[in-house]
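Working notes, structure below.
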Amino acid sequence: MLKKFVMPALLAAGLLWLMFGADREKPAQMQTLAMGTLVDMTVLGLGGQTNHAVIVSAMAQLRTLETQWHPDARKADGNSLLADLNQGLQQGQTLSVPPPLQGGFEQAARYAEYSEGLFDPAVGGLVKLWGFHSEASFPAAPPSEGDIAAALPAKRFDALLNGSQVTGFDGLRLDFGAFAKGLLLQEVSDKIHAEHPQASFLLNGGGDLVAVGQRPDRPWRIAVRHPRQHNKHLALIELKDGEAAFTSGDYERFFDASTADGKSQHYHHIIDPRTGWPSVGTQSLTVLHADAGVADAASTALFVAGDDWPQVASRMGVTAVLRVAANGELEWTKAMAERVELTPSEDGEVPLPRLRALP
Ligand code: AMP
Ligand code: MG
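The numbering of the sequence shown is my numbering, which starts it at 1 and goes up by one.
Spelled out as structure tokens, the structure:
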């Protein structure tokens, strides 16, 4: 009896599991260039073919969103919604925000307000003046003091937005580079999760990540880059289901140039809207949050805040922060300390960051 019926049934069940069950656990993975970085997506839990199809459609969605949010006209794929809007805003016009951009504009206005303008998409003119908007190359020297002063935003982004209307000023160029990656990865993540609640996935945009669900073998993990040592990481963080990790760093887009007294100076892409110059005080800053848009906007705002970052974190509703200050010293919050595994330095010492309390 056992041999005749049960064994074949068990065998058949085993075979079926091998065909479909094991396949379910097999992740699909693909990469594409988007938002100026390499985006790597991993999906599992739906079966090999579906995992793959979900990535293909997520990448198409990302490309559509990316085109909508690009700040400048690009010949290759026509004008984006934002590029078209910027054309009128730089002449001081009042225009309707196109519906696909409205949600992002509202969120960005809140973060500009909460951060008291340290995160401010109205800095786009300055970003362009410094040359950091370019996807090709960066300039050899900083702009003149006069040009920087003239490019300081006349108004903060949240003061330009009135419902679905936005009013520009002379030279305004809205640039959502500090927030769009988070916003877009969150939108892509929300769509995958709504359509496939049982899917587990990792969306990795050049080291900024959104993780959903679980891998069967090990947790989703992120290596935080060492801001001064190439190919070395500072820390490992295990991401929870539905969590995003975003880092702002002065090593991402930059140029080095000599000052009048012959010293080499590092000029990077995160601009302090109060001065018009690259922000000083921080090398890199990582934020964990359940919303990737918040994590992204906050990583930039807290970077610009320098030593005062805990106040800004608290206003933006962020609790898990790891910062490398300009002098290389580490700081973190309690919520981050509970999550991070710091990498020992060459002499085997594990650094001990300074604990900063949030007000
Ligand atoms: P992130 O890497 O997220 O910190 O974003 C940096 C990018 O955001 C830059 O390349 C600029 O396009 C833009 N940006 C620079 N400074 C600011 C700022 N203070 N507020 C908003 N966007 C900024
Ligand atoms: Mg950011």
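Where is the CB? At the ideal position from N, CA and C, for every residue including glycine.
As computed with DSSP, E338 is found in no beta bridge at all. A distance below 7 Å between beta-carbons, with the five flanking residues on each side excluded, links A335 to the following residues of its chain, in chain order: T319, A320. A distance criterion of 8 Å places the beta-carbon of T300 in contact range of ligand 2, judged by its closest non-hydrogen atom.
In this structure, the C-beta of D250 stays at least 8 Å away from each heavy atom of ligand 2. Only residues of its own chain outside the window of five on either side were considered, and among them F138, Y267 have a CB closer than 6 Å to the CB of F255, listed in chain order. Within the chosen limit of 8 Å, ligand 1 reaches the beta carbon of F179 through at least one heavy atom.
Annotation for A151: G125, L126, L129, G171, G276 place their beta carbon closer than 7 Å to its own, counting only its chain and skipping 5 residues before and after. With three or more CB-CB distances shorter than 8 Å, the stretch 176 to 186 counts as touching the stretch 203 to 210.
If the five residues before and after Q68 are omitted, its C-beta is found closer than 7 Å to the C-beta atoms of S80, L81, L82, P100, L101, all from its own chain and listed in chain order. Here the alpha carbon of V312 sits roughly 41 Å from the alpha carbon of K26.
Residue range 180 to 195 is occupied by the alpha helix (DSSP H) that includes E187.
Distances taken from the Cβ of G48 to the heavy atoms of ligand 2 include none shorter than 8 Å. Three or more Cβ pairs drawn from the stretch 297 to 306 and the stretch 112 to 125 lie within less than 8 Å of each other, which places the two stretches in contact. Short note on F169: C-beta not closer than 8 Å to any heavy atom of ligand 2. Contact holds between the stretch 284 to 295 and the stretch 245 to 264, because three or more Cβ pairs, one in each stretch, are under 8 Å apart. Here DSSP, grouped into helix, strand and coil, assigns V127 to helix. Per DSSP, reduced to three states, the secondary structure at A141 is coil, with no helix or strand assignment.
Counting the other CB atoms within 10 Å of its CB gives P344 a total below 16, which places it among the exposed residues.
The distance from the Cβ of A34 to that of E66 is about 5 Å, consistent with a contact at the 8 Å cut-off. The secondary-structure analysis by DSSP pairs G205 across a beta bridge with V39, D208. If you look at H268, you'll find it in the beta strand (DSSP E) that goes 264 to 268. Put simply, of Q165, G36, V56 the residue whose alpha carbon is nearest the alpha carbon of V97 is Q165. The stretch 249 to 307 contains, as complete beta strand (DSSP E) runs of 3+ residues, the segments 254 to 258, 264 to 268, 282 to 289 (chain order).
In the structure shown, Q87 adopts helical secondary structure according to DSSP, grouped into three states.
Per DSSP, V318 is not a residue of any beta strand (DSSP E), being assigned neither H nor E.
In this structure, the CA atom of P143 is about 10 Å from the CA atom of A149.
Per DSSP, Q107 is one residue of the alpha helix (DSSP H) stretching across 99 to 114. Counting along the chain, the unbroken beta strand (DSSP E) around Q165 starts and ends at 165 to 167. Spatial neighbours of D72 in its own chain (CB-CB distance under 6 Å, excluding positions within 5 residues in sequence) are listed in chain order as A83.
For L95, there is no enclosing alpha helix (DSSP H); the enclosing beta strand (DSSP E) covers residues 94 to 96.
Judged by DSSP secondary structure, H233 falls within the beta strand (DSSP E) whose first and last residues are 233 to 238. Short of 6 Å from the beta carbon of V350, and not among the five residues preceding or following it, lie these beta carbons of its own chain, in chain order: L342, P344. Judged by DSSP secondary structure, W332 falls within the beta strand (DSSP E) whose first and last residues are 330 to 332. Using a 10 angstroms sphere on the CB of N327, the tally of other CB atoms stays under 16, which defines it as exposed.
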